[in-house]
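Each residue of the sequence shown is one higher than the one before, starting from 444 at the first, in our numbering. Cβ coordinates follow ideal geometry from the N, Cα and C atoms, glycine included. Beneath this line is the structure, given in structure tokens, with notes to follow.
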Amino acid sequence: MVNIGAIVLKVSDRHRASGFWSQALGYQPQASNPDFLADPAGKGVRLHLDETDRTHLDLWAEPGQQRAEVDRLLALGATKPDWVYPENADFVVLADPDGNLFCVIGD
């Protein structure tokens, strides 16, 4: 199965959004990447603030299961849109039956 690992939220100003969402949710910027806000207790879904990407879900697959999860989601009705991937991408872009894009993150 996959889990919602992060919600990617398109914002116009990452720093302003970080201040707002940190206070609103009690989340803290992660040391490894301050664009990711997380619950300091490790509960809940991370929030990824991004100025260029559209709002979408990042679904995380268990190690070694990304291909199987992509196949399972395609069988459930997801589609694979045309997408230009960066080199060594660790994600696959899919669309739900309504056309909403999401990513399956894996190895």
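Contact annotation: A504 and V547 have beta-carbon atoms nearer than 8 Å. The continuous beta strand (DSSP E) containing W503 extends over residues 499-504. Counting the other CB atoms within 10 Å of its CB gives H458 a total below 16, which places it among the exposed residues. Taking a cut-off of 8 Å on C-beta distances, the segment 444-460 touches the segment 487-504, as three or more cross pairs fall below it. DSSP places G507 outside both helix and strand once states are collapsed to three, so it counts as coil.
CA-to-CA, the gap between D456 and G462 works out to about 10 Å. Note: Q473 is bridge-paired with N476 in the DSSP secondary-structure output.
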